[in-house]
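Asks: Residue numbers (the numbering used here): 82 to 841.
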Amino acid sequence: MAKNSEKAVKKTTNKIVKSADNSGTKCLEDKNYKIENPLDEEYVNEVHVSDFMKALAYDPVKGVDTSNAEHISAWTDALPVRGTTSSTKNQKKPSKRKLREQEAAKPKGISHSLLQYPLIFMIGLIMFIELIAYISLRQIVRIWENVFSWRGKKRTLRNNLRASKTYKEWCESADALDNYMHKDEWKKTIPFAYYDYRLLQKVVKHLKMYRQGDTMEDATKLMDVLYVCLKQNFAGIENAKLYSNTYLGTKALIEEYVEEVTRSIEALASNKYISIEEKRLAFKLYSKNYGRTAFCLSGGAGFGYYHLGVIRALLDRGLLPSIITGTSAGSLMGAIVCSRTDEELDLILNPELSSRIRICQDNWPTKLYRLVTQGSLFDAEQWCREAMWFCKGSLTFKEAYERTGRIFNVSVIPYDPHSPPKLLNYITAPDCVVWSAVLASAAIPGILNPVVLMQKKRNSEHLIPYNYGHKFKDGSLSTDIPTLALNTQFNVNYTIVSQVNPHVHVFFYANQGSPGRPVTHLEGRGWRGGFLASTIEQMLKLDLAKWLKVLRSLKLLPTVNDQDWSSVWLQKFDGNVTILPKSDLSDWLHTIADPDADRLKKLMGSGQIRTWPKISMISNRMRIESCIEKVRRLLRTSPKSNRVGRFNSYSDAEIEKLSQHLEQHDTTNNYANNSDAGSGDELVFLSRRRVSMPDGSFQHLQDKDSIKEQNRRRKFMAQFLDSPKEGNNSTQSSVLFDSHSDDSDSHSPPPSSPEDYTHN
């Protein structure tokens, strides 16, 4: 096993370096790279713009409309009222009724009224002092690392790494830095406290043995071992610490495991002893147990253009998940991805895209005048026209999914401050127009007024308001990363987060390293800036979070635009993999500004180079997940013969084309009704395995034999279950605010054994 691991290190490193090409940055380096057609296309639909403005002008309280455009609207979902829209020019002040409702929602009490503002002042002063101390500490650590940790040849190698223009160059520089710092020896060493290496060795050995076997028993055991090991974080292999000790790659045993699992999946897909029905059920369970990966794009105003570099890096490696969620600026970037195919994205994801970014084209006097007169810096009609290009016209969520196969999710919150956030996608809002959801997700108070979601009407060229004409605003104010909703609707249990929120990413501090960025001293086992600095950093950050929770719990902060702004900080901002930008002062100066070609080139390049260190961790996850999904698509289109054929003889395009008419129905049934696909399928898989008859037909085992077979297979699989003693350690990214706060989105891990499912 040690020799195999040593070979795997060299093989994996060479594979990564060789597979890295220049496609990810060709558009950034070639000054003569010109785009003709995609960027010149126009998608503005004047009828839809007019429908949107009429719906936006409608007064849900008075029900007055001067445009004769009839639709259903209401103050609440339970009380629909038929009415029409009115002009937007004469904006009325809040009604007495609404003022009374706002007053009734405020806490009462003499002591609260007397102490509210003194407490705000006192807590604010404490937080200001702690914030200054925190920023100062971070700068001290940064200077200390540059002066003492990076010297001589090590500094030269790091500079080469940072100066890499392509992923291939970056891999070569990272490998050289690993070799200089003796990280290659760490990769070859199998034992490590953060994963169950003994279990992994056993699984690799048995998978290889059963994959090479040619009997019915070998095929069944191969299927059973895969059933046990195809689970999230099996044996701890997804622990970030396993990728935080090197610049490139991880333990050789993990690379060997991922390689063997993908080979075994392919072998099972073409195995002649397992029927098509059994394979379909097995891979349905594999997909459910392993879960799915979502790519989450945070908000961040002008910082959001970093997302384009992250998208480009993942797209070029073939690692872009099919489930994508965006909030605020992230929803605009996500709309580009989810409304276009890979070929179309390859043409437009380049610095020339800046010619289409005209969101902030008005001058500042115009913006300030609009802020004073209308309450927002930007005009909804202008943003509507510009957003149509990013969304490829008035595509609905369902149409975008059918066109690209990507599941786009947009997080919004109703204008009513007490309503829960909503996650819009092709299941929850299939006919909702994507550009209206993007505008709603970007409607930050003061930046853009709340807007009405629009939906297509059957057999009509006009759009009508969605959800009775309720208005919605930026989802990042409450749920920037909607992990709970994604898990519920699509079985997502692994998230790749591109986090560019300026008020958040500055507080991420990996005190013991992060994937692709190990600590520089004590062979990666030390602390950033030393243990004392890491301790002070944690204390200051947690104390800041504590005071924010006090302000929220005691309702001390006054609401602005009916919004509790404490949730902007007190929510979950990270994921299993979190990609952070390397921002500078110029980024803050361009927070509300459109980038030109040079600036967009810089932002995209920075986004790519910050993504490359995470590629190894993302790749090991996505290789297995993609392999499972590819087999499932193949099995959907397979004839009822017993053999599927050679797995690799089908291209992704051929499989996608064959299964396109079944994809939507299958995805909806598997994930929207995920709770119904649980224990029953497991019991059928374990106890009702079909036995081949002499004539080639199949029959079910009898009840007594079925129970016996179920117990036998459970006993066999028990030897491959996770050990409770090892591989359980996990680390969370350090964020300013407690990820397990009351408002955070989280989900429970999937059951780790077959017995767990029988009790669900």
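Using N, Cα and C, we set each Cβ at its ideal position, and we do this for glycine too.
Can you give, in chain order, each stretch of the alpha helix (DSSP H) that sits fully within the stretch 451–524 and has at least 4 residues?
Replies: Qualifying alpha helix (DSSP H) stretches, in chain order: 461–471, 478–485 and 515–522.
Asks: Who are the Cβ neighbours of Ile335 in its own chain at under 8 Å, not counting the five residues just before and after it?
Replies: On the sequence shown, residue 335 is found 254 positions in, with the first residue counted as 1. Once the five neighbours on either side are set aside, the close Cβ partners of Ile335 are Tyr276, Leu281, Ile318, Leu323 and Asn701.
Asks: Consult DSSP for Phe202 and reduce its assignment to one of helix, strand or coil.
Replies: For the purposes of this step, residue 202 is identified with residue 121 of the sequence shown, where counting begins at 1. In this structure, Phe202 counts as helix in the three-state DSSP scheme.
Asks: For Arg373, which three-state DSSP category applies?
Replies: For the purposes of this step, residue 373 is identified with residue 292 of the sequence shown, where counting begins at 1. Strand, per DSSP.
Asks: Is the Cβ-Cβ distance between Leu529 and Phe459 less than 8 Å?
Replies: By 1-based counting over the sequence shown, the position of residue 529 is 448. By 1-based counting over the sequence shown, the position of residue 459 is 378. Yes, they are a contact pair.
Asks: Taking Cβ positions, are His551 and Tyr496 nearer each other than 8 Å?
Replies: As a position in the sequence shown, residue 551 is number 470, starting the count at 1. As a position in the sequence shown, residue 496 is number 415, starting the count at 1. Yes, Cβ-Cβ distance for His551 and Tyr496 is below 8 Å.
Asks: Leu520 to Cys708, Cα distance in whole Å?
Replies: The sequence position of residue 520 within the sequence shown is 439, counting from 1. The sequence position of residue 708 within the sequence shown is 627, counting from 1. Approximately 36 Å, taken between the alpha carbons.
Asks: Just to confirm the assignment, what range does the alpha helix (DSSP H) spanning Ile405 have?
Replies: The count along the sequence shown starts at 1 and reaches residue 405 at position 324. Unbroken run through Ile405 is the beta strand (DSSP E), Ile404 to Gly407; no alpha helix (DSSP H).
Asks: So Ile690 and Ser254 are supposed to be a Cβ contact under 8 Å. How far apart are they, rounded?
Replies: As a first step, residue 690 must be located in the sequence shown, where it is residue number 609. As a first step, residue 254 must be located in the sequence shown, where it is residue number 173. About 11 Å separates the two Cβ atoms, so there is no contact after all.
Asks: So, is Ile191 buried or exposed, given that buried needs 16 or more other C-beta atoms within 10 angstroms?
Replies: The residue you call residue 191 lines up with position 110 of the sequence shown. By the neighbour-count rule (16 or more Cβ atoms within 10 Å), Ile191 is not buried but exposed.
Asks: Leaving out five residues on either side along the sequence, give the residues of the same chain with a beta carbon under 7 Å from the beta carbon of Thr560.
Replies: Reading the sequence shown from its first residue, position 479 is the one you call residue 560. Excluding sequence neighbours, Thr560 sits near Ser492, Pro502, Gln652 and Asp826.
Asks: Can you name, in chain order, every residue of its own chain whose Cβ lies under 7 Å from the Cβ of Tyr291, other than the five neighbours on each side?
Replies: As a first step, residue 291 must be located in the sequence shown, where it is residue number 210. Excluding residues within five positions, the ones whose Cβ falls inside 7 Å are Asp299, Lys302, Leu303 and Val306.
Asks: Please name the residue in Ala136, Pro199, Tyr386 and Ala214 whose C-alpha comes closest to that of Met620.
Replies: Position 539 of the sequence shown, counted from the first residue, corresponds to residue 620. Of the listed residues, the one whose Cα sits closest to Met620 is Ala214.
Asks: In this structure, what does DSSP give as the bridge partners for Tyr575?
Replies: Residue numbering aside, residue 575 sits at position 494 when the sequence shown is read from its first letter. Per DSSP, Thr374.
Asks: With a CB to CB cut of under 6 Å and the five nearest residues on each side skipped, what residues in its chain are close to Leu109?
Replies: Along the sequence shown, read from residue 1 onward, the residue named residue 109 stands at position 28. Bear in mind that a pLDDT of 43 at Leu109, under 50, signals an unreliable position, so the number given afterwards is only what the model happens to contain. Lys682 and Gly686.
Asks: Which value, in whole angstroms, describes the spacing of the CA atoms of Ala394 and Arg421?
Replies: Numbered from 1 along the sequence shown, position 313 holds the residue referred to as residue 394. Numbered from 1 along the sequence shown, position 340 holds the residue referred to as residue 421. Roughly 17 Å separates the two Cα atoms.
Asks: Beta-carbon separation of Arg680 and Val222 under 8 Å?
Replies: Here residue 680 refers to the residue found at position 599 of the sequence shown. Here residue 222 refers to the residue found at position 141 of the sequence shown. No. Outside cutoff.
Asks: Rounded to whole angstroms, what's the CA-CA distance from Leu476 to Trp516? Just pull it up for me.
Replies: Locating residue 476 in the sequence shown gives position 395, counting from the first residue. Locating residue 516 in the sequence shown gives position 435, counting from the first residue. In a straight line, the C-alpha of Leu476 is about 8 Å away from that of Trp516.
Asks: Identify whether Lys332 lies in helix, strand or coil by the three-state DSSP scheme.
Replies: What you label residue 332 is simply residue 251 of the sequence shown in a count that begins at 1. DSSP places Lys332 in coil when its eight states are reduced to three.
Asks: Please say whether Trp669 and Pro583 have beta carbons closer to each other than 8 Å?
Replies: Within the sequence shown, the letter at position 502 stands for residue 583. Within the sequence shown, the letter at position 588 stands for residue 669. Contact: yes.
Asks: Can you check the stretch 593–680 for any beta strand (DSSP E) of at least 3 residues that lies completely inside it and give the ranges in chain order?
Replies: DSSP runs (the beta strand (DSSP E)) wholly in the stretch 593–680: 658–660.
Asks: If you check the beta carbons only, do Ile705 and Tyr278 fall under 8 Å apart?
Replies: Sequence index remark: in the sequence shown, residue 705 carries index 624 (1-based). Sequence index remark: in the sequence shown, residue 278 carries index 197 (1-based). For Ile705 and Tyr278, no; Cβs fall outside 8 Å.
Asks: If we ignore side chains and look at the alpha-carbon of each, how far apart do Val128 and Asn592 end up?
Replies: One-based indexing of the sequence shown puts residue 128 at position 47. One-based indexing of the sequence shown puts residue 592 at position 511. Cα to Cα, the separation comes out at about 54 Å.
Asks: Tell me, which residues are paired with Ile537 by DSSP?
Replies: Residue numbering aside, residue 537 sits at position 456 when the sequence shown is read from its first letter. The residue you asked about is not Ile; residue 537 is Lys in the sequence shown. Leu544, per the DSSP bridge assignment.
Asks: Arg373: which of Glu710, Lys264 and Leu715 sits nearest, CA to CA?
Replies: Indexing the sequence shown from 1 puts residue 373 at position 292. With distances taken between Cα atoms, Arg373 lies closest to Glu710.
Asks: Given a cut-off of 8 Å, decide if Pro662 and Tyr450 are closer than it, judged by their beta-carbon atoms.
Replies: Counted from its first residue, the sequence shown places residue 450 at position 369. Counted from its first residue, the sequence shown places residue 662 at position 581. Not in contact: Tyr450 and Pro662 (Cβ atoms no closer than 8 Å).
Asks: Check whether the Cβ atoms of Arg598 and Pro511 lie closer than 8 Å to each other.
Replies: Here the question's residue 598 lines up with position 517 in the sequence shown. Here the question's residue 511 lines up with position 430 in the sequence shown. Contact flag unset, no.
Asks: How about Gly688 and Gly330: are their beta carbons less than 8 Å apart?
Replies: Here residue 688 refers to the residue found at position 607 of the sequence shown. Here residue 330 refers to the residue found at position 249 of the sequence shown. Not closer than 8 Å, so no.
Asks: Could you check which residue in Ile210, Glu467, Met262 and Glu358 has the C-alpha nearest to that of Arg232?
Replies: Numbered from its first residue, the sequence shown carries residue 232 at position 151. Of Ile210, Glu467, Met262 and Glu358, the residue nearest in Cα terms is Met262.
Asks: Who pairs with Phe553 in a beta bridge, going by DSSP?
Replies: Within the sequence shown, residue 553 is the residue found at index 472, counting from 1. In DSSP, Phe553 forms a bridge with Pro495 and Val532.
Asks: With respect to the alpha helix (DSSP H) encompassing Trp231, which residues constitute its N-terminal and C-terminal limits?
Replies: Numbered from its first residue, the sequence shown carries residue 231 at position 150. Trp231 -> no alpha helix (DSSP H), and no H or E assigned at all.
Asks: Enumerate in chain order the residues of its own chain whose CB-to-CB distance from Ser403 is below 7 Å, with the five nearest sequence positions on each side excluded.
Replies: Within the sequence shown, the letter at position 322 stands for residue 403. Around Ser403: Gly486, Arg487 and Ile488.
Asks: Is it the case that the Cβ atoms of Val532 and Ala524 are separated by a distance below 8 Å?
Replies: To locate residue 532, count along the sequence shown from 1; it is residue 451. To locate residue 524, count along the sequence shown from 1; it is residue 443. Going by C-beta atoms, Val532 is nearer than 8 Å to Ala524.
Asks: Can you tell me which of the three DSSP states Phe589 falls into?
Replies: As a working note, residue 589 is residue 508 in the sequence shown. Correct three-state label for Phe589: coil.
Asks: Look at the Cβ atom of Thr576, then the Cβ atom of Asn506, and state whether they are nearer than 8 Å.
Replies: Within the sequence shown, numbered from 1, the residue matching residue 576 stands at position 495. Within the sequence shown, numbered from 1, the residue matching residue 506 stands at position 425. The answer is no: Cβ separation not under 8 Å.
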